[in-house]
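Report on the following structure.
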Amino acid sequence: MTSIPHELVASIVDELQHDRGSLKSCSTVSSSFCPPSQRHLFRSMWLHRENWKHYTPTQRALQAGNSVPSGTIKGAFNLLSESPHLAAYVRDLTVDLPDSADEDAPLEHILRTAANLERFVVFGLAARWMEIPPVLESALLDVFARPTLNGLHFLHLHGIPTRVIHRALTSLKVLSFYNTSAAPDQYDEPASQASPASVEELILCRNMSTTHMRIVSANAPPLAQLRRLFLWSGVDNLANRLLTLSAETLEHIEIDCGALESPLNLPALISVKKIQTVKLHISCGLARWLPPGFARTIADLGSVQPPTLHLVFSVQDGISSDEWILEGPILHEEEGESLKTTTIHCQFAFLDPPHKVSDRKGLFESFCAGMRAALPGLKLEFERVDRRISYVGRLPL
Numbered sequence: 001m002t003s004i005p006h007e008l009v010a011s012i013v014d015e016l017q018h019d020r021g022s023l024k025s026c027s028t029v030s031s032s033f034c035p036p037s038q039r040h041l042f043r044s045m046w047l048h049r050e051n052w053k054h055y056t057p058t059q060r061a062l063q064a065g066n067s068v069p070s071g072t073i074k075g076a077f078n079l080l081s082e083s084p085h086l087a088a089y090v091r092d093l094t095v096d097l098p099d100s101a102d103e104d105a106p107l108e109h110i111l112r113t114a115a116n117l118e119r120f121v122v123f124g125l126a127a128r129w130m131e132i133p134p135v136l137e138s139a140l141l142d143v144f145a146r147p148t149l150n151g152l153h154f155l156h157l158h159g160i161p162t163r164v165i166h167r168a169l170t171s172l173k174v175l176s177f178y179n180t181s182a183a184p185d186q187y188d189e190p191a192s193q194a195s196p197a198s199v200e201e202l203i204l205c206r207n208m209s210t211t212h213m214r215i216v217s218a219n220a221p222p223l224a225q226l227r228r229l230f231l232w233s234g235v236d237n238l239a240n241r242l243l244t245l246s247a248e249t250l251e252h253i254e255i256d257c258g259a260l261e262s263p264l265n266l267p268a269l270i271s272v273k274k275i276q277t278v279k280l281h282i283s284c285g286l287a288r289w290l291p292p293g294f295a296r297t298i299a300d301l302g303s304v305q306p307p308t309l310h311l312v313f314s315v316q317d318g319i320s321s322d323e324w325i326l327e328g329p330i331l332h333e334e335e336g337e338s339l340k341t342t343t344i345h346c347q348f349a350f351l352d353p354p355h356k357v358s359d360r361k362g363l364f365e366s367f368c369a370g371m372r373a374a375l376p377g378l379k380l381e382f383e384r385v386d387r388r389i390s391y392v393g394r395l396p397l
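Residue numbers (the UniProt record's numbering): 1 to 397.
Here it is in structure tokens:
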């Protein structure tokens, strides 16, 4: 039988990359289909603890809706020991740091053999860096220094050494911290010796102030290439410092505004010279009206005049069919004029599973009507999102 050209096989398999069932079937069809199918099947992995069923609701929520194939650390160790060639296919790896000593060695082996990682997510589950065994710490640091690594993401990990943060800033393109803290150590390279940061995208979400302080410190690597920044509004002073330090290069800014009970206090936004988009994440919960700090926040953005403004309203389903409360215009005429050139994209995102699609349709339509009434004469676009995407699932490569 005439063999199928490798290019055609690769093209066929690429079309099926999101269909795991078909990929598994392809991997058993013939030897020519097996390697390209396995490259997709093992590209992304989430390795969790043996006792993952006992994770707290908060810990589970960060992965909720994540479609990445998952398994235990020991299970992955056994698989990669039996088929070591599969380790080369792993490009996107999420690991939950072990809380059991008998998982340390298997994870260390996996980290040593997965040599082609491009994205690495470290889920500490409230662990402290100083509690990580030396052998596992060494393996983690080796991964952080891999030339293939593009993005590094820390979640729920405390006491991260300053040297680790600074070296990540100077060696990676994408770096993120979620609910982390930095170690109270004295490590700081002299400012004159600090290499400029290579990081182009930085995500700082719900962290202790120590994490921010290590990044904005006078001895931290200068943020010379930062283009994308995600901030949490809970640390206004440090956020303003960060905006000032990266004002020459920043183009895209996202801000987690929480419930936006008060207006954003980020006067440094006006110093960002190349701003293209501003994206605000607003948690509405069961409320069906604009939060108290919304009007002043939008008015203040008029002085920034971003070409595009994204507003993401996250809501929960009500017990029964409900509607968004209509309000009149919330801006003075001159404030509205300053936003005439801005395209405002409004995303209405449901956090709960879609049980009542018909009710959601009515609520979404009333939300659109409410926004048009609140911001008359402005360029508004609308989008409805019914499926919640996990925090980890949204992290960039």
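Glycine residues also receive a C-beta, built at the ideal position from the N, C-alpha and C atoms.
From which residue to which residue does the alpha helix (DSSP H) around residue i run?
i, result
"I110", "104-113"
"H212", "209-216"
"T297", "294-301"
Use the C-beta contact count for residue i: other C-beta atoms within 10 angstroms, 16 or more gives buried, fewer gives exposed.
i, result
"T341", "exposed"
"D142", "exposed"
"W289", "exposed"
"S192", "The predicted position of S192 is uncertain, since its pLDDT is 46 and thus under 50; a value taken from the coordinates is nonetheless stated next. Answer is exposed; the Cβ neighbour count stays below 16."
"D96", "buried"
"Q316", "exposed"
"G285", "exposed"
"P291", "buried"
"L395", "buried"
"R228", "buried"
"A239", "buried"
"T148", "exposed"
"E103", "buried"
"I389", "exposed"
"H85", "exposed"
"I325", "exposed"
"S233", "buried"
"T162", "buried"
"N179", "buried"
"T297", "buried"
Let me know the secondary structure DSSP gives residue i once reduced to three states.
i, result
"H332", "coil"
"A76", "helix"
"L326", "coil"
"G370", "helix"
"R360", "helix"
"I203", "strand"
"G393", "helix"
"D352", "coil"
"W289", "coil"
"E337", "helix"
"S192", "With a pLDDT of 46 at S192, under the threshold of 50, the modelled position of this residue cannot be trusted; read the value that follows with caution. In the structure shown, S192 sits in a helix (DSSP, three-state: H, G or I)."
"E50", "coil"
"Q38", "helix"
"L97", "coil"
"T342", "coil"
"V90", "coil"
"L280", "strand"
"S44", "strand"
"S83", "coil"
"S70", "strand"
Could you pull the start and end residues of the beta strand (DSSP E) that residue i belongs to?
i, result
"A127", "119-128"
"F313", "308-315"
"V385", "379-385"
For residue i versus residue j, is the C-beta distance shorter than 9 Å?
i, j, result
"L169", "A220", "yes"
"N116", "V135", "no"
"F313", "A349", "yes"
"T343", "P307", "yes"
"P98", "F77", "no"
"T210", "S181", "yes"
"L79", "R119", "no"
"V264", "L309", "Reading off the sequence shown, one finds Leu at residue 264, where the question assumed Val. No, Cβ-Cβ distance for L264 and L309 is not below 9 Å."
"K279", "L331", "no"
"residue 398", "S271", "Because the chain spans 1 through 397 in this model, residue 398 falls outside it and cannot be assessed."
"G71", "L41", "no"
"R128", "H158", "yes"
Does the ligand HEM have even one heavy atom less than 8 Å from the beta-carbon of residue i?
i, result
"L231", "Inclusion of the ligand HEM in the displayed structure is not the case, the ligand content being empty and no account of it being possible."
| task | For the region 145-185, list the beta strand (DSSP E) runs that are entirely contained and at least 3 residues long, ordered along the chain. | result | 151-158, 174-178
| What residue ranges within the region 219-274 form continuous alpha helix (DSSP H) runs of no fewer than 4 residues, ordered along the chain? | Fully enclosed alpha helix (DSSP H) runs of 4 or longer: 236-245.
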